[in-house]
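Worksheet: one structure, shown below.
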Amino acid sequence: FRRVMLEGSNLPLQDEHSEIMVSVTGEPPTATEEEGIAMDTDVEIIPEITEPLSLPDVLRVSAVLEDTIDQLSILNYVMPVQYEGRLSTSLKSKEMNVEGRSLDKPPIHKTISKIPKEGSKSLVTRQGGQTATEFNKVQDLVFKQHSKQSLITIETLKKIQMDRQFFSDVIADTIKELNDSGTFTDLLAALNKERENKMHFYDIIIRSELGNREIVVCQNEIVNGKPKLVFLLQNRNEYIAHLKDQLQEMKAKTNLENQYMKKNTELQIAQTQKKCNRTEELLLEEIEKLRMKTEEENRIHGEIEVFLKKEQQKLEEKLEFWMEKFDKDTEMKQNELNTLKVAKASDLAHLQDLAKMIREYEQVIIEDRIEKEKSRKKIEQDLLELRSIIKLQAWWRGTVVRREIGGFRLPRDKDDNKDTKGKGKDKDKRRGKK
1 FRRVMLEGSN LPLQDEHSEI MVSVTGEPPT ATEEEGIAMD TDVEIIPEIT
51 EPLSLPDVLR VSAVLEDTID QLSILNYVMP VQYEGRLSTS LKSKEMNVEG
101 RSLDKPPIHK TISKIPKEGS KSLVTRQGGQ TATEFNKVQD LVFKQHSKQS
151 LITIETLKKI QMDRQFFSDV IADTIKELND SGTFTDLLAA LNKERENKMH
201 FYDIIIRSEL GNREIVVCQN EIVNGKPKLV FLLQNRNEYI AHLKDQLQEM
251 KAKTNLENQY MKKNTELQIA QTQKKCNRTE ELLLEEIEKL RMKTEEENRI
301 HGEIEVFLKK EQQKLEEKLE FWMEKFDKDT EMKQNELNTL KVAKASDLAH
351 LQDLAKMIRE YEQVIIEDRI EKEKSRKKIE QDLLELRSII KLQAWWRGTV
401 VRREIGGFRL PRDKDDNKDT KGKGKDKDKR RGKK
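Start counting the sequence shown at 1; every next residue gets the next number (the UniProt record's numbering).
What follows is the structure in structure tokens.
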């Protein structure tokens, strides 16, 4: 099946074997494999075949693909499901044990924080070394468990099951497309997608390998930096003592400043109280002025209100007068409008009658003109026919005289009778022929 898929997609077998080894063992690709991957990404191009296959080719390919589907379904029933479950449970129990052991161990920063200030340097270094070794042992245990796993693990079986299901779906779609249109574009699209996923998978593996290397480097830096950390702790303890002395000095300065600020605040409060009293007196005077101004404005407002009421009454009387006048004018204009509408209707009827009469007169005039035109054309035609007849008669008479047709003869001399006898016979013969 793998050979058939690769032949259909024009893929090299070497890349496919490298991908299978990576998916089974879980190991990242080496430098040579990475170079091969980079070269494959630049070179490999799947040609898109748009021409449909012939019927024999379709039947052969369909038979091969159906056989492949049967083999994949058999593989589904053959896979060790129970063994997979046992592996998953055992792996989970081991991981839980490892996590419990790692949780029981105190973390590094807690052990370092519990070191007393006056402890000796040897005790600090001993505890730091023990925590570092315990942390390294836990990490080594986890890494060794992952590296000592067998080839057939739970992840591998799951991946095989997923690949089997994916191949079954792709082959089923390809068979359907072959039966419908005779092409296999779905298969090529699936291969392109898998190639992209493979490149993404290789990138993830490379990044994980780089991360592991960085973790190892950081661990080495932590182990190598223990003496430096102890020295830094001593320096920081001395710095803390120095800071405590500075804190005492700052407290004394702060007390003096607080006393000064208290006296200064009391003086400012007294001064502010005086200012407030003075301001209060000024505000009371201002309030009295505003009260007098308000009374004057109220008086003026009352006078204005009386004046406005009188004006409003006058305006209401004028409004009533103009409303009555408006109603009368509206009624009068409405009557005029009605009379105009009646006159317009009568004028419109009269105009329609006149228009009808004018159309009738126009029709009579047009018919009379047509009759006159016909009579004129007939007279002209008669004149032309008469002239043609006269011309025809004149031509015929001339022809009769010239040809001596019928009983008409031109007068001739006696001397010419003898000479013209032979000619006369010839003419009679010709007349008979005509």
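Every residue gets a Cβ at the ideal spot worked out from N, C-alpha and C, and that includes glycine. All figures in this text were calculated on a predicted structure; none of them were measured in a lab.
Is residue i helix, strand or coil by DSSP?
i, result
"S54", "coil"
"T183", "coil"
"T272", "helix"
"E367", "helix"
"T153", "coil"
"E280", "helix"
"E305", "helix"
"I358", "helix"
"M323", "helix"
"E404", "coil"
"M79", "coil"
"D203", "helix"
"I45", "The predicted model places I45 with a pLDDT of 47, which falls under 50 and marks its position as unreliable; any figure quoted below should be read in that light. If DSSP states are grouped into helix, strand and coil, I45 belongs with coil."
Which word fits residue i, buried or exposed, when buried means at least 16 other C-beta atoms lie within 10 angstroms of its C-beta?
i, result
"K110", "Caution is warranted here: a pLDDT of 38 is assigned to K110, below 50, making its placement in the model unreliable, and no coordinate value can be reported."
"K198", "buried"
"Y260", "exposed"
"T68", "buried"
"L269", "Looking at the sequence shown, residue 269 is not Leu but Ile. Answer is exposed; the Cβ neighbour count stays below 16."
"Y239", "exposed"
"V364", "exposed"
"K289", "exposed"
"A345", "exposed"
"L243", "exposed"
"V170", "buried"
"Y361", "exposed"
"N220", "exposed"
Can the beta-carbon of residue i be found closer than 9 Å to that of residue j?
i, j, result
"S62", "I175", "yes"
"I405", "T399", "yes"
"L65", "R164", "no"
"T185", "E196", "no"
"D173", "L191", "no"
"N212", "V58", "no"
"F201", "L72", "no"
"P56", "G182", "no"
"I206", "M79", "no"
Could you pull the start and end residues of the alpha helix (DSSP H) that residue i belongs to?
i, result
"G225", "Per DSSP, G225 belongs to no alpha helix (DSSP H) and is neither H nor E."
Determine, for residue i, whether the minimum Cβ-Cβ distance to residues of chain D falls below 9 Å.
i, result
"N335", "The structure shown contains no chain D, having only a single protein chain."
Cβ of residue i versus every heavy atom of the ligand NAD: is any distance shorter than 8 Å?
i, result
"N255", "In the structure shown, the ligand NAD is absent, as is every other ligand, since no ligand is present at all."
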